[in-house]
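Trainee: In this note's numbering, the protein residues as written are 9 to 90. Think of the CB as a built atom: it goes at the ideal place given N, C-alpha and C, for glycine as much as any other residue.
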């Protein structure tokens with residue numbers, strides 16, 4: 009693997025971990041205030057973390073945002089994996 013390829017992978021991992029860290033802060037500090045309201049399993053925040061780990065920061069964030077858009081009273085519910 010070239011040096012540029014290694015730098016790209018390192019940046020991708022760093023950005024992914026930064027995004028996951030932000031979600032973890034949400035889970036610790038804000039989620040208890042809002043309460044459990046997610047209609048899906050896993051919860052939207054856990055889905056986002058799984059999607060970023062599986063698909064990377066860009067595609068994972070898009071999948072996570074789409075999931076949050078679907079998490080409403082008129083959307084679906086149940087098990088939904090990234």
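Identify whether residue 72 lies in helix, strand or coil by the three-state DSSP scheme.
Mentor: On the chain shown, position 64 is the one that residue 72 refers to. In this structure, residue 72 counts as helix in the three-state DSSP scheme.
Trainee: Per DSSP, what kind of secondary structure is residue 13 in: helix, strand or coil?
Mentor: Position 5 of the chain shown, counted from the start, is the residue given in the question as residue 13. Helix.
Trainee: Taking the beta carbon of residue 91 as the centre, do at least 16 other beta carbons fall within 10 Å, making it buried, or is it exposed?
Mentor: Past the edges of the chain, shown from 9 to 90, lies residue 91, and the structure says nothing about it.
Trainee: Could you give the DSSP three-state label for residue 86: helix, strand or coil?
Mentor: Position 78 of the chain shown holds residue 86. Residue 86 falls in the strand class under three-state DSSP.
Trainee: Take residue 46 and list the residues in its own chain whose beta-carbon comes closer than 7 Å to its own, dropping the five residues that flank it on each side.
Mentor: Numbered from 1 along the chain shown, position 38 holds the residue referred to as residue 46. Here the set comprises 52 and 79.
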